[in-house]
Amino acid sequence: MPGAKTTSMVLIMLGLFGASISILLGFLWAPTVDEKTALGPEAFRIIYWHVSFAWCSFLAFSLLFLGSLMWYLKNDDIGWRFFSVGSDMGLLFGMGVITSGPIWGNAAWNTPWDLGDLRLNSFALLTCVALFLVLARRAQQDNNQTRDTLSIIGLFGFSLVPITAVATTVYQVRHPPIVVVSSENTGLPDEMLFVLLLSFLSFCLLFIGLSILTDRINQLELKMEDRQMNLDKRW
Amino acid sequence: MSSTGLIELAAAYVIMIGILGGYVRYLFSKLNDLEYRMDASEDNVISEENE
């Protein structure tokens, strides 16, 4: 049976390969938006990675929520592993969204950020929560009190996920509504939808590979800390 | 800002590739370092037991 390192390496490589293919298809095969109706039409192609980053960040925050709940209710170590991986992945994928979003916004809306838009601000807050959790986990001593406190913040952070998800439906200012759902105002041509789904599938592989690798590193760090403590006791 | 958005498109992809590539590189170098340190500490324990 292959080890965690090999499995994660294969998944990461497959994910990166698929994500690269989706960029190429987005450039060469999928159509772009109408130049007469949209500002900066070429920038629309950012969608193929921007949306996949966003969906994977929601997966990460779900993992963070599950981990927070498991730790807070049962002090379950598996829960803490989910929490650690979820916060790291949430920060990584959240960073991808909040860096590519303003660049796209600058081309499509003539402004990188809109302080009056609920979706933009709630997502930025969500990424800030992930950043805080990652930094706090590294800065604080790893004990039950720290884990309890951080898991409560993780639970609070997750409450922003449904707000962010429905933000464009209930209070749309600038960010477009959910594009994959076909309606009068939304929907994508089949080619675009195919490339977007290919990209998301690749990002899912990447997400799983990176999660396995991050967890392996966290476990090795704990083991290393234990050994260090045993050595210190002996001396 | 370009009128077609091509510059923004390139900038966004460069940044997103950089974020992903940088994190993957960071993880693998950290894993290699940890594995090296684990092996070294195991060797140390074995040699101490032999003595």
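Chains as they are written, first to last, in the working numbering: chain L, 2 to 236; chain V, -11 to 39.
Where a beta carbon is used, it is the ideal one built from N, C-alpha and C, also for glycine.
If you're wondering where the values come from, they're calculated on a predicted model, not measured in any experiment.
Pick from the options that is closest to residue i, judged by C-alpha positions
i: L/Asp227; options: V/Lys18, V/Thr(-8) and V/Ser29; result: V/Ser29
i: L/Leu67; options: L/Ser53, L/Ser85 and L/Trp50; result: L/Ser85
i: V/Tyr1; options: L/Leu40, L/Gly102, L/Arg235 and L/Leu64; result: L/Gly102
i: L/Gly4; options: L/Asp216, L/Lys234 and L/Arg235; result: L/Asp216
i: L/Thr7; options: V/Met4, V/Ser35, V/Met26 and V/Phe16; result: V/Phe16
i: V/Ala(-1); options: L/Asp115, L/Glu192, L/Trp50 and L/Leu202; result: L/Trp50
Terminal residues of the alpha helix (DSSP H) in which residue i lies
i: L/Gly117; result: No alpha helix (DSSP H) holds L/Gly117; DSSP gives it neither H nor E.
i: L/Arg217; result: Asp191 to Arg235
i: V/Asp31; result: Leu(-6) to Asn38
i: L/Ser152; result: Asn145 to Phe159
i: L/Asp1; result: Since the first residue of chain L shown is 2 and the last is 236, residue 1 of chain L is not available in this structure.
i: L/Thr7; result: Ala5 to Leu29
i: L/Ile48; result: Ile48 to Lys75
C-beta neighbour in chain A for residue i, strict 8 angstroms
i: L/Lys224; result: Here chain A cannot be found, since the structure's protein chains are L and V.
Neighbour list for residue i in chain L, Cβ cutoff strictly below 8 angstroms
i: V/Arg25; result: Met225
Proximal residues of chain L, C-beta to C-beta of residue i below 9 angstroms
i: V/Ser29; result: Met225, Arg228, Gln229 and Leu232
Residue burial classification, residue i (beta-carbon count within 10 angstroms, cutoff 16)
i: L/Asn107; result: buried
i: V/Val33; result: exposed
i: L/Ala44; result: buried
i: L/Trp30; result: exposed
i: L/Ala109; result: buried
i: L/Ala61; result: buried
i: V/Glu(-4); result: buried
i: L/Met230; result: exposed
i: L/Arg148; result: buried
i: L/Phe157; result: exposed
Contact set between residue i and chain V, taken where Cβ atoms lie within less than 8 angstroms
i: L/Thr100; result: Ala0, Ile3, Met4 and Ile7
i: L/Leu221; result: Leu19, Leu22, Glu23 and Met26
i: L/Thr112; result: Residues of chain V passing the Cβ test: none, with the nearest at roughly 11 angstroms.
i: L/Phe54; result: Met4
Residue i versus residue j - alpha carbon distance
i: L/Leu93; j: L/Leu121; result: 17 angstroms
i: L/Ile79; j: L/Leu232; result: 26 angstroms
i: L/Gly27; j: L/Arg46; result: 6 angstroms
i: L/Asn111; j: L/Ser152; result: 39 angstroms
i: V/Asp21; j: L/Arg82; result: 21 angstroms
i: L/Val196; j: L/Ile22; result: 9 angstroms
i: L/Ala55; j: L/Gly97; result: 8 angstroms
i: L/Leu70; j: L/Leu161; result: 16 angstroms
i: L/Asn76; j: L/Lys224; result: 19 angstroms
i: L/Pro113; j: L/Ala166; result: 20 angstroms
i: L/Ile164; j: L/Met10; result: 34 angstroms
i: L/Arg138; j: L/Asn144; result: 10 angstroms
i: V/Leu(-6); j: L/Thr33; result: 12 angstroms
Under 7 angstroms from the C-beta of residue i: neighbouring residues of chain L
i: V/Glu(-4); result: Gly41, Ala44, Ile104, Trp105, Asn107 and Ala108
Contacts of residue i in chain V (Cβ-Cβ under 9 angstroms)
i: L/Phe193; result: The displayed chain sequence assigns Met, not Phe, to residue 193 of chain L. Per Cβ cutoff of 9 angstroms: no residues; L/Met193 is ~15 angstroms from chain V at best.
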